[in-house]
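Engineer: Take a look at the following structure, please.
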Amino acid sequence: MSEEIRKEETGEGKEETLDSLFEKLDTVAENLEKGDLSLEESFRLYKQGMDMLRQCSEKIDQVEKQVLILEENGETHEF
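Under this note's numbering, the sequence shown has 573 at position 11, and the numbering climbs by one with no breaks.
If you want it as structure tokens, here you go:
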């Protein structure tokens with residue numbers, strides 16, 4: 563298992579970007595697809611993946627709510 567996933571489990575580091583979450587999700591999916599994990603480890607990775615999906619969804623929702631429109635004079639307003 564990668565060091566990045568371990569940091570995610572312990573809450574180390576700063577807030578994750580969508581790109582880093584997608585990379586971690588890929589790693590989790592690859593590990594699950596190998597099929598050589600115990601049931602407990604598979605469930606733990608599945609749960610971790612679902613948590614990351616929730617984080618991605620929340621981040622996308624935040625970005626959608628903060629869509630900014632630039633006016634001709636350079637001011638920004640929330641959409």
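Heads up, the beta-carbon is just placed ideally off N, CA and C, and yes, glycines get one too. Everything numeric in this text was worked out from a predicted model, so none of it was measured.
Take K609 as the anchor and find which of V590, Q624, E626 and E620 has the nearest alpha-carbon.
Structural biologist: Considering only alpha carbons, the answer is V590.
Engineer: Report yes if the C-beta distance between L583 and Q617 is below 7 Å; otherwise report no.
Structural biologist: Contact flag set, yes.
Engineer: With distances taken Cα to Cα, identify the nearest neighbour of E577 among M614, K596 and D598.
Structural biologist: Of M614, K596 and D598, the residue nearest in Cα terms is M614.
Engineer: When DSSP labels each residue in this structure, what does S600 get in the three-state scheme?
Structural biologist: Note: S600 maps to coil in three-state DSSP.
Engineer: Using a Cβ-Cβ cut-off of 6 Å (strictly less than) and excluding sequence neighbours within five positions of K627, which residues of its own chain qualify?
Structural biologist: Correct list: empty, nothing qualifies.
Engineer: Could you tell me the distance, in whole angstroms, from the CA atom of G611 to the CA atom of D623?
Structural biologist: Those two C-alpha atoms are separated by around 18 Å.
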